[in-house]
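Residue numbers (my numbering), protein chains in the order written: chain P, 1 to 303; chain L, 1 to 303; chain C, 1 to 303; chain H, 1 to 303.
There are 4 protein chains.
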Amino acid sequence: MDYKQIIAGIYEAIRPYSEVGKQADYIPALAKVDPDQFGMCLHTIEGEEFPFMSSDVRFSIQSISKVFSLAMCLSLKGEELWKRVGKEPSGTAFNSLVQLEIEKGIPRNPFINAGAIVLSDILISELSDPEGEFLHFVRTLCGDDSIDFNMEVATSERETGYLNAAIANMLKYHGTIRNDIEDVLMFYFKMCSLEMSCRQLSKAMLAFTNHQPFEYAGYKLSTSRIKRLNAVMQTCGFYDEAGEFSYLVGLPGKSGVGGGIVAIYPKRYAVAVWSPRLNSKGNSVMGMKALELLTTETQESIF
Amino acid sequence: MDYKQIIAGIYEAIRPYSEVGKQADYIPALAKVDPDQFGMCLHTIEGEEFPFMSSDVRFSIQSISKVFSLAMCLSLKGEELWKRVGKEPSGTAFNSLVQLEIEKGIPRNPFINAGAIVLSDILISELSDPEGEFLHFVRTLCGDDSIDFNMEVATSERETGYLNAAIANMLKYHGTIRNDIEDVLMFYFKMCSLEMSCRQLSKAMLAFTNHQPFEYAGYKLSTSRIKRLNAVMQTCGFYDEAGEFSYLVGLPGKSGVGGGIVAIYPKRYAVAVWSPRLNSKGNSVMGMKALELLTTETQESIF
Amino acid sequence: MDYKQIIAGIYEAIRPYSEVGKQADYIPALAKVDPDQFGMCLHTIEGEEFPFMSSDVRFSIQSISKVFSLAMCLSLKGEELWKRVGKEPSGTAFNSLVQLEIEKGIPRNPFINAGAIVLSDILISELSDPEGEFLHFVRTLCGDDSIDFNMEVATSERETGYLNAAIANMLKYHGTIRNDIEDVLMFYFKMCSLEMSCRQLSKAMLAFTNHQPFEYAGYKLSTSRIKRLNAVMQTCGFYDEAGEFSYLVGLPGKSGVGGGIVAIYPKRYAVAVWSPRLNSKGNSVMGMKALELLTTETQESIF
Amino acid sequence: MDYKQIIAGIYEAIRPYSEVGKQADYIPALAKVDPDQFGMCLHTIEGEEFPFMSSDVRFSIQSISKVFSLAMCLSLKGEELWKRVGKEPSGTAFNSLVQLEIEKGIPRNPFINAGAIVLSDILISELSDPEGEFLHFVRTLCGDDSIDFNMEVATSERETGYLNAAIANMLKYHGTIRNDIEDVLMFYFKMCSLEMSCRQLSKAMLAFTNHQPFEYAGYKLSTSRIKRLNAVMQTCGFYDEAGEFSYLVGLPGKSGVGGGIVAIYPKRYAVAVWSPRLNSKGNSVMGMKALELLTTETQESIF
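Printed below as a string of structure tokens:
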């Protein structure tokens with residue numbers, strides 16, 4: 001499959017959408033990113049790499065970080081993890097706070113904010129140096145020790161993150177998180193502030209394609225568990241657009257409000273795409289289009 | 001892959017669950033079914049057939065019928081269909097009526113009752129003989145002209161179907177259904193009352209594995225559309241247990257309150273399993289277990 | 001207190017609002033009413049009567065009828081009534097269907113549609129001729145045998161009353177109503193279709209001012225029960241504007257979508273006002289203003 | 001009216017309920033209160049005082065403090081206040097967080113926690129020494145300079161007040177509160193921690209009976225505004241038991257989780273009752289009974 005040519009063709013096809021949507025601007029650090037950028041990179045399990053355009057520009061991966069924290073938690077806690085967080089799609093544009101209240105403090109899944117805040121709490125409980133270990137894990141996944149948190153972004157998010165603070169207080173009220181609320185939130189925001197390029201992200205996600213045993217930085221996951229992690233991405237990875245992404249793209253994936261999207265074709269490839277302009281659901285407009293065309297053009301999808 | 005032996009092994013492994021759960025009993029016709037039955041059948045795209053135990057006993061397919069009506073509607077209306085019904089998981093144990101009200105009468109997806117009632121309305125609008133065409137379509141899929149509605153079941157469901165009548169009235173209030181409420185409901189309940197065996201069901205579902213062009217009884221669906229139909233099954237096929245099924249089984253599928261479950265491994269096989277005892281979410285206890293073991297034992301899943 | 005002059009002064013003061021709002025138009029019979037009408041009438045417990053302008057024009061009393069059916073049900077069932085309907089304010093702009101589902105089929109109070117449909121069911125169960133008895137009761141209250149249902153309105157409401165039919169089906173599903181859904185709905189719509197003038201309404205409501213023992217057409221209510229009925233009007237009489245009415249007017253009352261409002265000053269007077277143009281909450285614009293000024297001008301309110 | 005004898009009679013009648021219910025125990029300071037206490041005091045506008053049993057024991061007035069902060073805010077902001085908080089009953093056992101989210105951060109009324117937190121924010125914005133002024137206002141109302149906050153209670157509530165912190169963060173997210181979240185919460189909890197006896201409370205509430213111009217510690221409220229404040233108590237004073245209290249007692253009032261209840265008979269008397277054991281809605285069991293009997297025995301109620 002000539003992914004290089006396919007990706008170039010995709011870019012031509014989606015250029016008409018290059019000014020559609022608006023980048024996230026709820027904190028200054030995100031608002032000042034040039035919205036008219038596009039990067040993409042695909043890594044095959046055979047070791048080929050297909051970078052395209054701004055594939056080396058680092059951006060705020062935001063919610064994509066939840067895949068990494070979930071992998072760590074699954075490795076540390078196993079199936080027991082699901083006692084503190086569900087794995088059902090949230091299925092609602094209404095904010096998770098309503099759902100959280102109705103469901104007594106157990107978040108629907110690890111990819112909504114409430115769920116990821118629980119993951120943050122678990123890592124703090126389990127690890128002596130959660131921030132260092134998280135960084136080391138992701139650096140190992142992508143084989144690049146230079147990636148790091150952006151503290152300006154993390155601090156800025158904490159300062160204006162009233163909704164996430166409300167969620168954390170609700171979780172504490174229900175006993176779902178056990179550590180100090182501020183510690184849990186700051187670690188959560190730091191993980192979200194991680195900056196990576198498409199090339200680094202697709203490299204890191206390659207670990208989840210199940211082409212070889214998963215063991216990185218001491219974190220092991222069985223083949224079966226990797227499959228399950230992909231299943232959770234498939235049903236829960238795109239907020240209330242999970243069905244739409246599954247329908248149009250047909251691959252497990254995860255998006256972030258920084259404009260990045262990763263997707264996995266098990267036993268074939270991992271791909272990352274980035275463009276800051278978002279649709280009304282908070283997913284990258286060009287990113288969604290690019291991945292839809294990728295599976296359409298290649299005729300490759302899990303279905 | 002020796003599916004015959006694998007299925008036999010699965011049955012041994014799940015026997016401890018044979019008395020767990022309770023069959024549906026909200027209408028007499030379902031309540032009187034012997035709950036201690038188990039049937040299973042797998043059809044490969046190569047044409048092999050692996051029937052097991054009561055694989056020829058017919059049962060009420062109930063919500064599995066929604067896959068057939070969705071296929072017909074997709075063929076008739078194309079992507080335009082999604083203006084009248086969504087394709088996002090419903091994600092809530094709360095009944096769909098709440099969601100329906102909040103979302104102004106557009107059901108979340110075609111596999112919750114509200115969505116399937118809309119499909120029923122569309123078929124009535126589009127077809128001169130909707131019941132005859134529906135029967136003909138399913139009979140063609142499984143190559144068996146003997147399958148039929150069970151009018152005792154359909155009538156009984158209508159008589160006690162107050163919740164579905166409430167949903168239909170809500171849909172009519174919002175203008176999502178256009179035909180007479182009684183006509184729409186009766187056709188909906190007839191489709192649900194269809195009686196099929198595991199052997200017939202897995203044969204019929206084989207058409208959705210994308211191993212050959214889909215064209216049955218005049219209904220055509222492109223390869224891409226079949227993929228998308230599978231994507232909808234993956235994210236929405238199991239009420240508020242869609243995430244759980246995706247996590248444990250990893251295949252697109254659909255369950256019915258009669259105790260049947262179908263699943264599809266694209267380009268490999270289709271499988272149907274039946275056992276009337278249900279878990280608290282309304283899905284067959286042994287059916288869920290059997291399919292979980294099938295993908296575990298065969299190491300085959302889409303992820 | 002010179003109510004005649006006060007009412008005339010009120011009318012001058014509220015004339016600027018005479019073209020604000022829109023009459024109900026969901027059925028033709030209501031849409032064709034001339035919206036620029038205003039009537040008012042006040043009856044004191046001393047027997048004085050203060051009619052003003054179109055106080056003899058009959059209009060569709062709609063939800064005001066719920067006060068009469070509640071009085072009958074309270075007389076027939078006593079405190080046992082509250083097992084099948086609550087007496088708490090509904091407090092939400094969201095339609096009662098959500099609340100009804102969450103609260104397992106027990107309507108919040110007798111003045112939301114769901115609650116009044118339960119009253120309709122109770123009257124059908126308790127009375128051999130519910131329609132005749134209801135008419136006889138209201139005719140006795142106002143001493144006028146000419147008042148009657150408007151069958152064109154009732155039939156028209158039933159034909160388009162999908163939301164109420166959804167509610168009735170929900171109630172039936174939960175077992176809160178026991179009679180045939182169609183019978184319950186038709187009787188409900190007939191009661192709502194009752195046509196009365198302001199003069200007839202204020203005369204009828206005088207019975208609820210607790211100035212003399214309540215016994216009409218065989219229906220008795222103790223002083224204590226009349227107080228309680230007033231308390232329910234105070235907290236639940238104006239949908240999600242109950243607080244606003246209590247705040248501005250300070251009297252127990254009940255509004256109808258036909259533009260009528262009744263209010264009671266216990267042991268002093270009853271008053272009815274009518275003007276078809278409604279605010280966004282479904283209450284008469286001029287009616288609300290007139291009653292606000294009445295209690296402000298007279299310095300009379302229960303608080 | 002011989003209130004002394006009536007109250008003594010009431011106590012005899014409600015003694016069978018003296019061990020029904022459970023005191024609040026979510027913080028140690030409340031849990032250690034002897035639950036088997038009962039106090040009551042009634043002040044008439046003529047200046048008579050009817051203390052009964054433990055009417056001089058001070059207890060945590062908790063939510064009763066919201067009446068005082070509302071009076072101050074109404075005096076400071078006038079009708080403009082209602083732009084930041086509603087005056088409709090909340091009408092739901094579901095916690096206010098759901099409602100708050102659906103209604104975009106405007107609390108339903110000033111007596112639910114969310115609303116009172118907004119009052120706290122307003123007082124901080126308007127006053128240079130909010131705590132001092134609040135204390136001075138309440139001390140002036142009851143003519144007793146010894147009443148004070150209980151800092152042990154306030155601190156303890158803040159430490160475990162995750163739900164209120166979640167609410168405050170939601171309000172901040174929506175822009176409804178403007179000051180520092182911690183400042184707003186601490187002031188809120190301090191007001192709730194105020195300790196007063198029944199005698200002090202009924203004396204303070206006498207100011208709201210509208211028997212003379214309201215002007216205390218520089219805070220003025222017109223007769224009309226006092227009426228409206230009573231109307232808000234009537235419809236919103238008892239969480240989701242507002243209808244029940246209105247139905248059984250028929251007076252405007254306010255309860256607190258410390259077991260206190262105040263009620264007002266406009267132009268007649270104010271009354272306070274206290275007993276720590278609560279019903280499932282968080283209202284004092286004996287307090288509710290005592291006030292129900294008071295209006296029944298005296299035949300005095302606003303309806």
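The C-beta atom is built at its ideal place from N, Cα and C for all residues, glycine as well.
Cα-Cα separation between residue i and residue j, rounded to whole angstroms
i	j	result
E244(C)	K87(H)	7 Å
F59(C)	E103(H)	35 Å
F94(P)	Y188(H)	Caution is warranted here: a pLDDT of 42 is assigned to F94(P), below 50, making its placement in the model unreliable, and no coordinate value can be reported.
V257(H)	A24(H)	7 Å
T176(L)	K83(L)	10 Å
A13(P)	Y3(P)	15 Å
V20(L)	R277(L)	7 Å
G259(P)	V85(L)	28 Å
F52(H)	I7(H)	7 Å
L127(L)	E80(L)	17 Å
P35(C)	K22(C)	8 Å
C236(P)	M151(C)	53 Å
S304(C)	L293(C)	For chain C, the structure presents residues 1 to 303; residue 304(C) sits outside this window and is missing.
E182(C)	S224(C)	35 Å
Short Cβ contact (9 Å threshold) for residue i with residue j
i	j	result
L141(C)	A217(C)	yes
F137(H)	Y219(H)	yes
S255(L)	S63(L)	yes
Y162(C)	M170(L)	yes
V249(L)	C41(L)	no
Y247(P)	R228(L)	yes
A263(C)	A166(L)	no
N210(C)	P266(C)	yes
Own chain residues within Cβ distance below 6 Å of residue i, not counting five before or after
i	result
Y17(L)	V285, M286 and K289
D180(P)	none
Closer than 9 Å to chain P by CB, residue i
i	result
C169(H)	According to the sequence displayed, residue 169(H) carries Asn and not Cys. Judged by the 9 Å Cβ criterion, N169(H) is in contact with chain P.
K172(H)	yes
I6(L)	no
Interface flag, residue i vs chain C, CB-CB below 9 Å
i	result
P252(H)	yes
I181(L)	yes
K66(H)	no
L42(H)	no
is_contact[residue i, chain L] using C-beta, thresh 9 Å
i	result
L163(C)	yes
Q234(P)	yes
CB-CB length for residue i against residue j, believed under 8 Å
i	j	result
A114(H)	L100(H)	5 Å
A207(L)	F214(L)	6 Å
G184(C)	D121(C)	The residue you asked about is not Gly; residue 184(C) is Val in the sequence shown. Sure, about 5 Å apart at Cβ, within 8 Å.
Minimum Cβ-Cβ distance from residue i to chain H less than 9 Å
i	result
A263(C)	no
L97(P)	yes
A154(P)	no
Cutoff 8 Å; reference residue i; Cβ partners in own chain excluding five residues on either side
i	result
D148(L)	L135, L194 and E195
N283(H)	F238, Y239, E241, F245, S255 and I261
I61(P)	C192, L194, E195, M196, L201, G256, G258 and G260
Y11(H)	F38, M40, F52, M53 and A290
Same chain, Cβ closer than 7 Å to residue i, five either side skipped, listed in chain order
i	result
S75(P)	Y219, K220 and L221
T295(H)	V249, G250, L251 and S301
S54(L)	Q37, F38 and G39
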